[in-house]
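In what follows, a structure is listed as structure tokens, so that the remarks can point back to it.
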Amino acid sequence: ITLSDTDGNTPYSRITAGGGDLVFEADQGDEEGNTLMLFRVDDSEKMRLDANGNLGLGTTSLIGNSSSIYLTVNGSSLGGIALKSGDSTQGYLQGSGGTVTLSSDGSKNIRFDTNGSQRMNIASDGNVGIGKTSSSLDIDGSIFFGSGQQLQIVKGGSGGKAMNIRRRTNVGTLIQFDR
């Protein structure tokens, strides 16, 4: 199916099929600049794809350019992406009211990886592992507090240690109090 431009110019668009593929082509021959593909439902635009590959859902104001490609999602009160595996929802990335929320669905963990390795894990019970795969707060590094902040160590329940200070090597000072 070939669709000709209504203003008499030479650009045209096509819908073709072959080898099991269905292909939609806008501005075949690249006669016009910055061509858009618009998807309308019930007389309202729902999706827009620009010539650079930026895709917008629920918006006509796309973010991005030819070197920075974006998916822009806009809702009247919340814009978000649902992440699914098979038919099961795994989590959401949402933006609303000045807050960006990354959330898991049900009792799933949220994991952060860099360079192909897990760097931080937030377990479904809220425990955090940083630099470790464990699900309790276990930090491999330093903790710094701002002015007026304090460190509190509180142990609930009976038995066991409230605090255990140990080092991984036998080199250096174990604990030092400064004022």
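Numbered according to this note's numbering, the sequence shown terminates at residue 159, and the numbering increases by one at each position without gaps. Here a beta-carbon is modelled for each residue, glycine too, at the ideal position from N, C-alpha and C.
Burial state of residue i (16 or more Cβ within 10 Å)
{"i": "Arg159", "result": "exposed"}
{"i": "Arg20", "result": "exposed"}
{"i": "Arg(-6)", "result": "exposed"}
{"i": "Gly71", "result": "buried"}
{"i": "Gly109", "result": "buried"}
{"i": "Asn54", "result": "exposed"}
{"i": "Asn101", "result": "buried"}
Which of helix, strand or coil DSSP assigns to residue i
{"i": "Val53", "result": "strand"}
{"i": "Leu(-17)", "result": "strand"}
{"i": "Thr79", "result": "strand"}
{"i": "Gly9", "result": "coil"}
{"i": "Asp35", "result": "The amino acid occupying residue 35 in the given sequence is Leu; Asp does not appear at that position. If DSSP states are grouped into helix, strand and coil, Leu35 belongs with the strands."}
{"i": "Lys64", "result": "strand"}
{"i": "Ala103", "result": "coil"}
{"i": "Asp158", "result": "coil"}
Anticipated Cβ contact below 8 Å, residue i with residue j, distance rounded
{"i": "Thr(-4)", "j": "Ala6", "result": "Going by Cβ atoms, the distance from Thr(-4) to Ala6 rounds to 13 Å, so no, they are not a contact pair."}
{"i": "Gly38", "j": "Gly59", "result": "7 Å"}
{"i": "Asp148", "j": "Leu154", "result": "Correcting the residue type first, residue 148 is Arg in the shown sequence and not Asp. Arg148 to Leu154, Cβ: 11 Å. No contact."}
{"i": "Ser57", "j": "Ser76", "result": "6 Å"}
Through-space distance from residue j to residue i, alpha-carbon basis
{"i": "Ile145", "j": "Leu82", "result": "34 Å"}
{"i": "Gln129", "j": "Ile123", "result": "12 Å"}
{"i": "Gly0", "j": "Gly121", "result": "54 Å"}
{"i": "Lys141", "j": "Gln132", "result": "15 Å"}
{"i": "Lys64", "j": "Gly126", "result": "39 Å"}
{"i": "Asn107", "j": "Gly86", "result": "15 Å"}
{"i": "Glu25", "j": "Gly96", "result": "39 Å"}
8 Å CB neighbourhood of residue i in its chain, flanking five on each side removed
{"i": "Gly13", "result": "Ala31"}
Own chain, CB closer than 7 Å to residue i, minus 5 neighbours either side, in chain order
{"i": "Ser(-16)", "result": "Tyr(-8)"}
{"i": "Ile49", "result": "Asn32, Gly33 and Asn34"}
{"i": "Asn45", "result": "Asn32"}
{"i": "Lys135", "result": "Ala142"}
Contacting residues, own chain, Cβ-Cβ under 6 Å from residue i (five flanking each side not counted)
{"i": "Leu35", "result": "Leu29 and Leu51"}
{"i": "Phe4", "result": "Ile(-5)"}
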